[in-house]
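Report on one structure; see the data block that follows.
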Amino acid sequence: MGNAGTIKPQTFKRIAIFGVGLIGGSFALALKKAGAVQSVVGVGRSLASLQRAQQLGIIDEIAVSVEAAVCNADLILIAAPVAQTAAILSSIQPYLQPGTIVTDAGSTKSDVVAAARQVMKEKLAQFVPAHPIAGRELNGPDAALVDLYAGKKTVITRLPENADADVAVVASAWQQCGAVIHYLSPAEHDAVFASVSHLPHLLAYALVDDIARKPHADRLFQYAASGFRDFTRIAGSSPEMWRDITLANRTAMLQELDSYTAQLARLRHHLQNADAQAIEDIYTNAQRARHNWISAIESAEKQNKDGGD
Numbered sequence: 111m112g113n114a115g116t117i118k119p120q121t122f123k124r125i126a127i128f129g130v131g132l133i134g135g136s137f138a139l140a141l142k143k144a145g146a147v148q149s150v151v152g153v154g155r156s157l158a159s160l161q162r163a164q165q166l167g168i169i170d171e172i173a174v175s176v177e178a179a180v181c182n183a184d185l186i187l188i189a190a191p192v193a194q195t196a197a198i199l200s201s202i203q204p205y206l207q208p209g210t211i212v213t214d215a216g217s218t219k220s221d222v223v224a225a226a227r228q229v230m231k232e233k234l235a236q237f238v239p240a241h242p243i244a245g246r247e248l249n250g251p252d253a254a255l256v257d258l259y260a261g262k263k264t265v266i267t268r269l270p271e272n273a274d275a276d277v278a279v280v281a282s283a284w285q286q287c288g289a290v291i292h293y294l295s296p297a298e299h300d301a302v303f304a305s306v307s308h309l310p311h312l313l314a315y316a317l318v319d320d321i322a323r324k325p326h327a328d329r330l331f332q333y334a335a336s337g338f339r340d341f342t343r344i345a346g347s348s349p350e351m352w353r354d355i356t357l358a359n360r361t362a363m364l365q366e367l368d369s370y371t372a373q374l375a376r377l378r379h380h381l382q383n384a385d386a387q388a389i390e391d392i393y394t395n396a397q398r399a400r401h402n403w404i405s406a407i408e409s410a411e412k413q414n415k416d417g418g419d
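Here the sequence shown stands for residues 111 to 419, where the numbers follow the numbering used here.
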């Protein structure tokens, strides 16, 4: 568990990317900048989107079929919404050659691993699940950034069946994108991100939706300023993607939502009783925790810049 040290850089002759949007596109751009890949082939639901990715230099080729995409690929990245993972893995499986490694970038892992176990069969060991912890509120190939992953964590949730060498290949790809590699089990991953990523998205969407449905919504939004913008920034993310993540991590999400609901009930009780000290205690503890978190991030960023593992 935890983070990884130095990983030997790998070079790839051909990488296939299913879903050439923000995540897949940024992966391709970063590897190209690093000189780590010779050719990138794109697969997706929208021909127009793939043509745009090719125009932007993200991909070199548009696949005419899944078979053509998978053939002779060193590495396959699935960067589509998590609900599509099972179908994509199932389409890849018949054509997957020995030595080709498949990985993903999904924000949930237990469901992805369950899907892989169901459809990959004897080729399961070739699938190494991962999740880059980076993003922005824009979608599609035009949103791709060459430095999206620089200094950001990528979590690999390796399977017992994975060979160390195959895990190292996936780790090397992400590290050459600038990412810092960490390892968690699928269950640990989903519990952590339900708390610090998936629940915050649900809350941001819920708040903006609640305000938007009020009869005087226009007036409310007129006076919303930086605090509202900062709190709700992530509600600008892809609804389809976050619908899938919310449902895929439903068990952990319900636990976190129950915990947060209980916290809101405590705050409501303190507010109803005008208990200034109890409210201030919660605010103070939150402020201290956030300051400590920001300090830790700044320290880690300095270490990554100055050296260290």
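Yeah, the Cβ is synthetic: ideal placement off N, Cα and C, and Gly gets one too. All values reported here derive from a predicted model rather than from experimental measurement.
Could you pull out every residue in the same chain whose Cβ sits closer than 8 Å to the Cβ of residue i, ignoring the five residues on either side in sequence?
i    : result
A424 : The structure shown does not extend to residue 424, since the chain is modelled only from 111 to 419, so the question has no answer here.
V176 : V153, S201, I202 and Y205
F122 : L141, A146, V147, Q148, D184, L185 and A283
A173 : A126, V151, G152, V153 and A179
G418 : Summary for G418: the model assigns pLDDT 33, below 50, so the residue's position carries little reliability; its value from the coordinates is reported in the next sentence. Answer for G418: no residue qualifies.
L157 : I172
C181 : Y205 and Q207
Using the beta-carbon count (16 or more within 10 Å), is residue i buried or exposed?
i    : result
R227 : exposed
V223 : buried
S369 : exposed
E408 : exposed
K118 : exposed
K231 : exposed
H401 : exposed
T210 : buried
G288 : buried
A406 : exposed
S259 : Per the sequence presented here, residue 259 reads as Tyr, with Ser not at that position. Buried is the call here.
S159 : buried
A334 : exposed
D416 : At D416, the pLDDT of 45 sits below 50, so the modelled position is not reliable; the number obtained from the coordinates is stated separately. Flag for D416 reads exposed.
A345 : buried
So, for residue i: in the same chain, excluding its five sequence neighbours on each side, which residues have a beta-carbon less than 6 Å away from its beta-carbon?
i    : result
S149 : R124 and D170
E390 : none
W352 : H311
A193 : D354
Out of curiosity, what's the CA-to-CA distance linking residue i and residue j?
i    : j    : result
I188 : A375 : 41 Å
Q120 : A146 : 7 Å
A322 : L248 : 21 Å
I404 : D340 : 15 Å
D319 : A358 : 22 Å
Q161 : G167 : 10 Å
L139 : F237 : 23 Å
N272 : D257 : 28 Å
Y393 : I291 : 33 Å
Q387 : H380 : 9 Å
N164 : V277 : In the sequence on display, residue 164 carries Gln and not Asn. Near 29 Å, if we compare the C-alpha coordinates of V277 and Q164.
R378 : M363 : 22 Å
D274 : S307 : 29 Å
T361 : F338 : 29 Å
A410 : A396 : 21 Å
A399 : R246 : 24 Å
I133 : R155 : 15 Å
D385 : V229 : 56 Å
P270 : Q373 : 38 Å
Assuming contact is defined by CB atoms lying nearer than 7 Å, are residue i and residue j in contact in what I supplied?
i    : j    : result
A254 : S347 : no
A244 : K262 : yes
F128 : I198 : yes
P242 : V130 : no
S305 : E366 : yes
D354 : P208 : no
A144 : Q332 : no
A225 : T195 : yes
Give me, in chain order, the residues of the same chain whose beta-carbon lies closer than 7 Å to that of residue i; leave out the 5 immediate sequence neighbours on both sides.
i    : result
S220 : P296, A297 and D300
K324 : L330
T342 : A314, L317 and V318
T218 : V192, D300, I355, A358 and N359
A327 : I321
L309 : M363, E366, L367 and Y370
(request) Go through the segment 135-196 residue by residue and report every complete run of the alpha helix (DSSP H) that reaches 4 residues or more, in order. (result) 157-165 and 176-180
(message) At 3 residues or longer, what runs of the beta strand (DSSP E) sit wholly inside the segment 230-297?
(response) 240-242, 263-266 and 290-293
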